[in-house]
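Using the numbering used here, read the sequence shown as starting at 104 and increasing by one per residue.
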Amino acid sequence: MQRRAFLKGSAGVGLLSVLGVAACGSDSGSASAATNATAITQVYGGGQKFIAVALEFPAEIDTAKLATADFTVAGRTVTKVYANTTAAVADTGVNGRYAIVELSADDADAALWVTGQGGGGGNGGGAPSGGAMPSGGAMPSGAQGGPPAAGADSAPTVKTASASITQVNAITAVDGTTYPAATALATNAVVTPIVDDFQQFTYADTATGESIAYNLFIPKDYDESTTYPLVLFMHDASVVGAPAQGPLVQGLGAICWASEADQAKNPCFVLAPQYATVVVQDDYQPTKQFDATINLVNSLADQYRIDTKRMYATGQSMGAMMTIGMNARHPELFAASFIVAGQWPAEQTAALSGKKLWITVSEGDTKAYPGMTAITALAEKNGAKVTHATWQGDAAAEQFASDVSTMETAKAGINFASFATGTLPAVKAGTTMEHMATWQVAYTIDGIREWIMKQSG
């Protein structure tokens, strides 16, 4: 089963334009009284999904008089219907002009993030297929989310969120107005919480001659009289070649830092580059995009009021390798880093011994786990304090909070938390491998992000 959604909330209309689709409902009934139908999507650990439709009516709808059977959506399973004051999902309905029609996230047509390399689709994973991989394991080609094999047509895509919704029963407004059953209405807008709050730019690096498309979250009420931390998130190779917003919709690694809850505690910039090509493979020889990313971080630090003593790096698989490589080559740059399912030759990582790191990896990841074990062993040999723990990958949020707290009591500079083999939800569901399943859970753990934010250079 898919892990519970990271966040429910509202946001401005943004990420994807929705193309009108022909109504495919009943030919009987009057035209819909609803003036707009908005597709609501949400990003899960395994990628973006289309999870609800919001119908806007002329008057407030009585939420107590709505029922699941009042609406049908072509090709989808309606799970819950209620009213709301905004085009957003909620735990409890309230009287409002929007009728929220929730849809099953497990529907075959729910997944919008689609990759042939196990990064999305289905119940948060996607069938493994595709190419060779950096930082993974001795798995079939592409099973752990590496770059496409030569000649493979496996570039990830983001599907358009669109649907045809039919009101099959009369519904009642608070003022007593009755809106009769109506013909189908096509969605005409999309909202994606958090994702819509990022802006897209392109950085042209004169030093390397490289260009990088990137997504940037600027803290709400940004104030130039103060300074803010910056989090750099670098995606895995399965996202290479995706549209610019790929790092925002493939999983939680970027957007978790920009959630309303996280920003309330730790307002920060969030930077998520989108790489057009693989930046580093298992030869550990990064392309110029590696250095261009460093230059991008420094450029933003000059452009905005960013606290250079509180800049953080994180990434998964290829992005984790970049995080390790950046810390090894530029140990002064980041105050702390969150490394998820990564690896690097241990003999090149002496500089990490003095860094503040939180590492997560699955013990079933046949390359990343021994790779990170070797790196932390070298750090301990060099005098670093490292705390180790094995966690159950399917633990509840409360258990993870306790697990993090226990590790924090050791006051170590490096925290190495591994997930027990076979316990990650996507692995148990058979939707992806240990490597890629790691970050579907790692970025949901609030306490790790909070620990990162406490660190200062």
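All C-beta atoms, glycine included, are put in the ideal place defined by N, C-alpha and C.
### Message
Measuring alpha carbon to alpha carbon, tell me which residue in 418, 422, 551, 434 is nearest residue 412.
### Response
434
### For residue 442: DSSP bridge partner residues
418, 462
### Task
Quick one: residues in its chain with C-beta nearer than 6 angstroms to the C-beta of residue 224, no 5 flanking neighbours on either side, listed in chain order?
Interpretation of residue 224 is limited by its pLDDT of 35, a score under 50 that renders its predicted location unreliable; the figure taken from the coordinates is listed afterwards. Hits under 6 angstroms: 214, 217.
### Message
My output table needs one value for residue 518: the three-state DSSP class, helix, strand or coil.
### Response
strand
### Query
residue 275: which of 530, 137, 382 sits nearest, CA to CA?
137
### Query
Do residue 376 and residue 396 have their C-beta atoms closer together than 9 angstroms?
yes
### Query
Which residue's Cα is closest to the Cα of residue 494: 519, 476, 511?
519
### Query
If we count the other Cβ atoms within 10 Å of its Cβ and call it buried at 16 or more, is residue 348 buried or exposed?
buried
### Task
Look at residue 478 and residue 446 and say whether their C-beta atoms are less than 9 angstroms apart.
yes
### Query
Alpha carbon to alpha carbon, what distance is there between residue 443 and residue 541?
7 angstroms
### Task
Would you verify that the beta carbon of residue 181 is, or is not, closer than 9 angstroms to some beta carbon of chain D?
Absence of chain D from the displayed structure is noted, only one protein chain being present.
#### Entry: Identity of the residues DSSP links to residue 185 by a beta bridge
203
### Message
Using only the alpha-carbon positions, how far apart do residue 552 and residue 358 sit?
### Response
12 angstroms
### Message
Which residue marks the beginning of the alpha helix (DSSP H) containing residue 502, and which one marks its end?
### Response
500–511
### Simplified DSSP state of residue 412, which is helix, strand or coil
strand
### Query
Hey, out of 273, 436, 260, whose CA is closest to residue 172's CA?
273
### Task
Spell out the partners DSSP gives residue 159 in its beta bridges.
139, 201
### Message
Spatial neighbours of residue 515 within its chain, please: C-beta separation below 7 angstroms, excluding the five flanking residues on both sides.
### Response
488, 489, 490
### Task
Label residue 145 either buried or exposed according to how many other C-beta atoms from any shown protein chain fall within 10 Å of its C-beta, with 16 as the threshold for buried.
buried
### Query
For residue 450, which residues of its own chain have a beta-carbon under 8 angstroms away from its beta-carbon, when the five flanking residues on both sides are left out?
481
### Message
Quick check on the burial criterion: 16 or more other C-beta atoms within 10 angstroms. Buried or exposed for residue 459?
### Response
buried
### Query
Looking at the unbroken beta strand (DSSP E) that takes in residue 528, where does it start and where does it end?
Note, residue 528: premise wrong, no beta strand (DSSP E); alpha helix (DSSP H) at 528–531.
### Message
I need the boundaries of the beta strand (DSSP E) containing residue 332, first residue and last residue.
### Response
331–337
### Query
Contact check, residue 318 vs residue 350 under 8 angstroms by CB: the rounded distance?
6 angstroms
### Query
So is residue 186 buried or exposed if we call it buried at 16+ other beta carbons inside 10 Å?
buried
### Task
Tell whether a beta-carbon distance below 9 angstroms holds between residue 505 and residue 284.
no
### Query
Buried or exposed: which applies to residue 512, given that a residue is buried once 16 or more other Cβ atoms fall within 10 Å of its Cβ?
exposed
### Query
What is the DSSP secondary structure of residue 447, counted as helix, strand or coil?
coil
### Query
Residue ranges of each beta strand (DSSP E) run of no fewer than 3 residues wholly in the stretch 348–426, ordered along the chain?
372–377, 409–419
### Message
Taking a contact to mean a Cβ-Cβ separation below 9 angstroms, would you say residue 267 touches residue 287 in this structure?
### Response
yes
### Query
Cα-Cα, which of 468, 262, 390 is closest to residue 352?
262
### Query
Does the beta-carbon distance from residue 314 to residue 325 come in below 9 angstroms?
no
### Query
Anyone know if the C-beta pair for residue 316 and residue 398 falls short of 9 angstroms?
no
### Task
Could you tell me if residue 485 is buried or exposed, where buried requires 16 or more neighbouring beta carbons within 10 angstroms of its beta carbon?
exposed
### Task
Decide if residue 329 is buried, meaning its Cβ has at least 16 other Cβ atoms within 10 Å, or exposed.
exposed
### Query
Could you give the C-beta distance for residue 148 and residue 543, rounded to a whole number, given that I count them as a contact under 8 angstroms?
3 angstroms
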